[in-house]
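Protein chains in written order, with full-length UniProt numbering: chain A, 1 to 397; chain B, 1 to 397.
Notes follow once the structure below has been shown.
There are 2 protein chains.
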Amino acid sequence: MHDLHLKNVRPLGEANCDILIKNGVIVEIGKVADQPGMPVEDGGNAIVWPGLIDAHTHLDKTTWGMGWHENNREAVLRSRIDFERENRIALGMDPHIQSMRHAIGLAANGASHIRSHVDIDTTHGLSLVEGVERTREALKGIIDIELVAFPQSGVMGRPGTVELLDAALANGCEVLGGIDPCGIDRDPKGQLGVLFDLALKHGVDVDIHLHEVGDLGAFTMELIFERVRANGMQGRFGISHAFALGMSDTVRAGKLIDEIAELDIAILTTGAPSATVPSVKRLREAGVRTGAGCDGIRDTWGPWGQPDMMDRARIIGMKTAVRSDIDLRHMLELVSQGGADVMRLENYGVKVGAKADFTLLVGETVAHSVVEIAPRPMVVKGGRVIARNGTCIVDMP
Amino acid sequence: MHDLHLKNVRPLGEANCDILIKNGVIVEIGKVADQPGMPVEDGGNAIVWPGLIDAHTHLDKTTWGMGWHENNREAVLRSRIDFERENRIALGMDPHIQSMRHAIGLAANGASHIRSHVDIDTTHGLSLVEGVERTREALKGIIDIELVAFPQSGVMGRPGTVELLDAALANGCEVLGGIDPCGIDRDPKGQLGVLFDLALKHGVDVDIHLHEVGDLGAFTMELIFERVRANGMQGRFGISHAFALGMSDTVRAGKLIDEIAELDIAILTTGAPSATVPSVKRLREAGVRTGAGCDGIRDTWGPWGQPDMMDRARIIGMKTAVRSDIDLRHMLELVSQGGADVMRLENYGVKVGAKADFTLLVGETVAHSVVEIAPRPMVVKGGRVIARNGTCIVDMP
Numbered sequence: 001m002h003d004l005h006l007k008n009v010r011p012l013g014e015a016n017c018d019i020l021i022k023n024g025v026i027v028e029i030g031k032v033a034d035q036p037g038m039p040v041e042d043g044g045n046a047i048v049w050p051g052l053i054d055a056h057t058h059l060d061k062t063t064w065g066m067g068w069h070e071n072n073r074e075a076v077l078r079s080r081i082d083f084e085r086e087n088r089i090a091l092g093m094d095p096h097i098q099s100m101r102h103a104i105g106l107a108a109n110g111a112s113h114i115r116s117h118v119d120i121d122t123t124h125g126l127s128l129v130e131g132v133e134r135t136r137e138a139l140k141g142i143i144d145i146e147l148v149a150f151p152q153s154g155v156m157g158r159p160g161t162v163e164l165l166d167a168a169l170a171n172g173c174e175v176l177g178g179i180d181p182c183g184i185d186r187d188p189k190g191q192l193g194v195l196f197d198l199a200l201k202h203g204v205d206v207d208i209h210l211h212e213v214g215d216l217g218a219f220t221m222e223l224i225f226e227r228v229r230a231n232g233m234q235g236r237f238g239i240s241h242a243f244a245l246g247m248s249d250t251v252r253a254g255k256l257i258d259e260i261a262e263l264d265i266a267i268l269t270t271g272a273p274s275a276t277v278p279s280v281k282r283l284r285e286a287g288v289r290t291g292a293g294c295d296g297i298r299d300t301w302g303p304w305g306q307p308d309m310m311d312r313a314r315i316i317g318m319k320t321a322v323r324s325d326i327d328l329r330h331m332l333e334l335v336s337q338g339g340a341d342v343m344r345l346e347n348y349g350v351k352v353g354a355k356a357d358f359t360l361l362v363g364e365t366v367a368h369s370v371v372e373i374a375p376r377p378m379v380v381k382g383g384r385v386i387a388r389n390g391t392c393i394v395d396m397p
Numbered sequence: 001m002h003d004l005h006l007k008n009v010r011p012l013g014e015a016n017c018d019i020l021i022k023n024g025v026i027v028e029i030g031k032v033a034d035q036p037g038m039p040v041e042d043g044g045n046a047i048v049w050p051g052l053i054d055a056h057t058h059l060d061k062t063t064w065g066m067g068w069h070e071n072n073r074e075a076v077l078r079s080r081i082d083f084e085r086e087n088r089i090a091l092g093m094d095p096h097i098q099s100m101r102h103a104i105g106l107a108a109n110g111a112s113h114i115r116s117h118v119d120i121d122t123t124h125g126l127s128l129v130e131g132v133e134r135t136r137e138a139l140k141g142i143i144d145i146e147l148v149a150f151p152q153s154g155v156m157g158r159p160g161t162v163e164l165l166d167a168a169l170a171n172g173c174e175v176l177g178g179i180d181p182c183g184i185d186r187d188p189k190g191q192l193g194v195l196f197d198l199a200l201k202h203g204v205d206v207d208i209h210l211h212e213v214g215d216l217g218a219f220t221m222e223l224i225f226e227r228v229r230a231n232g233m234q235g236r237f238g239i240s241h242a243f244a245l246g247m248s249d250t251v252r253a254g255k256l257i258d259e260i261a262e263l264d265i266a267i268l269t270t271g272a273p274s275a276t277v278p279s280v281k282r283l284r285e286a287g288v289r290t291g292a293g294c295d296g297i298r299d300t301w302g303p304w305g306q307p308d309m310m311d312r313a314r315i316i317g318m319k320t321a322v323r324s325d326i327d328l329r330h331m332l333e334l335v336s337q338g339g340a341d342v343m344r345l346e347n348y349g350v351k352v353g354a355k356a357d358f359t360l361l362v363g364e365t366v367a368h369s370v371v372e373i374a375p376r377p378m379v380v381k382g383g384r385v386i387a388r389n390g391t392c393i394v395d396m397p
């Protein structure tokens with residue numbers, strides 16, 4: 001583990017001081033005396049912010065670093081799923097190489113942790129998970145990666161998928177995923193039954209994709225609430241996207257959010273610009289653990305996205321009508337502490353006793369840094385400088 | 001006027017060739033023989049695209065280049081208007097200096113034309129217009145600026161405003177603006193009566209801000225349709241924002257769009273991420289002249305925005321669910337030819353006989369350049385290189 005004397009920085013945007021790191025842990029914040037023999041860095045009066053967290057992405061899907069992927073296909077969820085499953089290998093999307101590119105990009109831009117869904121289906125078995133697991137090993141000490149066993153093509157309609165999810169949870173995936181029990185599987189009772197059985201068997205959390213909108217999504221949420229309560233899964237269930245919470249009936253959405261808070265269900269948002277998305281402000285007020293993620297970036301589904309949680313904070317902020325400085329600060333907390341809350345990270349933050357995982361941000365104030373998609377002159381992981389000015393010490397393959 | 005032999009470029013993303021410019025006009029596109037004595041530039045195989053057009057912005061409002069403007073005020077339209085009017089001068093927002101910073105930023109990022117609304121109210125009289133007119137003079141040959149006399153604080157509720165609008169149209173403003181005849185003025189018949197009278201008197205086009213949503217905005221549009229028809233103003237009216245066209249009742253929105261097309265009314269969108277916005281695709285299919293703009297950037301209203309129409313193309317593309325390469329190309333056409341259609345520019349485009357106003361874009365394809373917010377190694381205006389790599393030949397004050 002690493003030692004570092006970081007001078008001339010503004011922790012969390014507060015007054016200029018130093019940070020002292022020993023064995024990868026922050027041991028002092030303030031005016032620090034010179035430390036003979038210890039590595040020293042000058043932070044240039046930048047803001048120090050806890051490591052950014054991409055709490056919802058897909059490391060196995062990106063075409064980042066490949067040639068431009070032309071897309072003139074129809075924009076239908078089911079056909080996007082099928083196209084990707086049938087063509088990803090032929091297109092040259094090696095799950096290890098692509099996940100390396102994606103994860104190194106995130107680290108270079110200040111992220112310290114990733115929760116990545118990885119496709120599991122009867123075409124690929126566990127080969128995509130294995131590719132991303134190689135990346136997780138290769139990037140130890142650079143960025144931490146948590147894996148979600150994700151049945152992208154559905155659970156109930158493709159026999160053999162349940163067994164693959166079971167095997168994935170026994171072989172390195174920490175979280176169980178799911179997807180649109182009504183919209184994709186046409187069998188909410190069936191899929192949710194499988195998810196709760198597997199989660200209880202393996203003692204893992206669940207993080208389900210729920211693109212279902214309006215009344216359909218609310219229906220599925222209510223089925224989830226019943227089962228979280230019946231199985232004692234409070235605090236161990238997450239809903240990604242949760243587009244239904246952006247419904248125009250804000251009274252009904254408010255009641256759903258109240259129940260989400262009561263059951264300590266986590267919400268993961270990507271601030272999808274063209275969809276109805278949850279009000280991050282309303283979730284915060286209700287005390288719901290809420291994280292954010294870039295989702296897929298530049299994949300066969302669509303061209304948008306960057307491996308950059310500051311870019312994502314801007315997208316979510318613009319989408320949810322953030323204007324004030326305090327709300328801008330909350331956007332930055334969403335893409336950092338929010339993800340840590342969802343992933344239940346320990347010793348996270350810029351404080352004495354925490355792991356020295358943080359990024360420097362150039363900006364007059366925290367709000368300014370969010371709007372600017374601030375340059376990141378230095379990223380520190382476990383006390384070690386792992387990136388400078390957007391370039392990681394590990395080369396992209 | 002300027003001559004230039006530009007080598008090694010891809011006009012509109014097509015095959016690599018040269019462009020020959022004489023007296024500021026494109027005279028040849030293809031394999032061009034060496035021209036003794038003529039300035040030569042190497043385009044590095046970049047795409048050549050017509051000058052970007054910010055067809056809806058507010059040059060007098062930005063805090064760009066000033067210290068960070070902290071904002072912890074309430075987010076209500078009326079109170080934003082009042083705060084800005086009462087504080088802009090005290091905050092140090094000089095209309096000439098700020099509009100210079102904003103317009104130079106746009107030019108540096110590839111824009112050749114701007115349509116800017118400028119506030120006219122009984123507090124400032126015409127002083128803000130005069131400041132922006134100085135900028136227009138100072139930037140002749142760098143970027144073309146069209147001015148809209150804009151009654152930001154309302155027309156009917158503040159006696160004296162009509163006379164100021166009249167004076168502005170007699171003194172350099174080419175277009176007449178308006179704002180929410182119901183929502184701000186509480187008097188749609190009154191404001192629209194004034195606007196049509198002034199437009200007919202001065203022979204100018206109208207471009208009205210219409211933030212009114214849903215049924216209210218549809219009502220105001222119907223009042224506008226009646227008056228465009230009665231006054232023979234077909235082809236000379238524009239509606240900015242037009243949030244009502246993003247209503248969930250797509251059948252009704254479709255009927256409004258059909259009438260907009262029939263009356264040749266122009267639509268200006270900013271793709272406002274947190275609002276309901278018109279479907280650019282539907283407008284295109286209906287043949288509606290549609291331009292786009294950055295709106296205010298980093299002003300007292302809110303922190304977002306860049307003086308960059310490629311950034312805006314990305315925002316509108318994400319907001320309107322663009323995914324395919326052809327739709328990405330349409331986004332780039334929206335922020336270029338679309339604005340030219342609204343402003344009825346002549347001799348615009350990358351073609352023989354057109355004015356040599358264009359930007360270079362780095363990208364494998366046109367779609368790729370939109371997603372990347374492509375670097376712009378060179379911007380040409382009237383055959384003269386006016387910016388390189390994001391820096392204009394005119395310094396920001």
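Cβ atoms here follow ideal geometry from the backbone N, Cα and C, with glycine treated the same way.
Just so we're clear, the structure is a prediction, and the values are computed from it rather than from any experiment.
Residue i and residue j look like a contact to me (Cβ under 8 Å); what is the Cβ gap, rounded to whole Å?
{"i": "residue 14 of chain A", "j": "residue 67 of chain B", "result": "In fact, because the Cβ distance is near 19 Å, the residues do not count as touching under 8 Å."}
{"i": "residue 350 of chain A", "j": "residue 292 of chain A", "result": "The Cβ separation is near 19 Å, so there is no contact."}
{"i": "residue 118 of chain A", "j": "residue 128 of chain A", "result": "5 Å"}
{"i": "residue 206 of chain A", "j": "residue 175 of chain A", "result": "7 Å"}
Any beta carbon from chain A within less than 9 Å of residue i's own beta carbon?
{"i": "residue 249 of chain B", "result": "no"}
{"i": "residue 68 of chain B", "result": "yes"}
{"i": "residue 315 of chain B", "result": "yes"}
{"i": "residue 290 of chain B", "result": "no"}
{"i": "residue 371 of chain B", "result": "yes"}
{"i": "residue 45 of chain B", "result": "no"}
So, helix, strand or coil for residue i, using DSSP?
{"i": "residue 300 of chain A", "result": "coil"}
{"i": "residue 188 of chain A", "result": "helix"}
{"i": "residue 7 of chain B", "result": "strand"}
{"i": "residue 376 of chain B", "result": "coil"}
{"i": "residue 134 of chain A", "result": "helix"}
{"i": "residue 61 of chain A", "result": "coil"}
{"i": "residue 163 of chain A", "result": "helix"}
Does the Cβ of residue i have 16 or more other Cβ atoms within 10 Å, making it buried, or fewer, making it exposed?
{"i": "residue 109 of chain A", "result": "buried"}
{"i": "residue 260 of chain A", "result": "buried"}
{"i": "residue 38 of chain B", "result": "exposed"}
{"i": "residue 411 of chain B", "result": "No information on residue 411 of chain B is available, as it lies outside the stretch 1 to 397 that chain B covers here."}
{"i": "residue 397 of chain A", "result": "exposed"}
{"i": "residue 355 of chain A", "result": "buried"}
{"i": "residue 320 of chain B", "result": "buried"}
{"i": "residue 195 of chain B", "result": "buried"}
{"i": "residue 79 of chain A", "result": "exposed"}
{"i": "residue 159 of chain B", "result": "exposed"}
{"i": "residue 10 of chain A", "result": "buried"}
{"i": "residue 1 of chain B", "result": "exposed"}
{"i": "residue 181 of chain B", "result": "buried"}
{"i": "residue 234 of chain A", "result": "exposed"}
{"i": "residue 300 of chain B", "result": "buried"}
{"i": "residue 250 of chain B", "result": "exposed"}
So that I know if they touch, is there some Cβ in chain B lying closer than 9 Å to that of residue i?
{"i": "residue 328 of chain A", "result": "yes"}
{"i": "residue 302 of chain A", "result": "yes"}
{"i": "residue 325 of chain A", "result": "yes"}
{"i": "residue 364 of chain A", "result": "yes"}
{"i": "residue 2 of chain A", "result": "no"}
{"i": "residue 368 of chain A", "result": "yes"}
{"i": "residue 319 of chain A", "result": "yes"}
### Task
Please go through the segment 74–130 of chain A and give each complete alpha helix (DSSP H) segment of 4 or more residues, from N-terminal end onward.
77–87, 95–108
### Message
Which runs of the alpha helix (DSSP H) at least 4 residues long sit entirely within the segment 265–349 of chain A? Give them in chain order.
### Response
280–286, 309–319, 325–333, 339–343
#### Entry: Length-filtered (3 minimum) beta strand (DSSP E) runs lying within the segment 180–253 of chain A
205–209, 237–240
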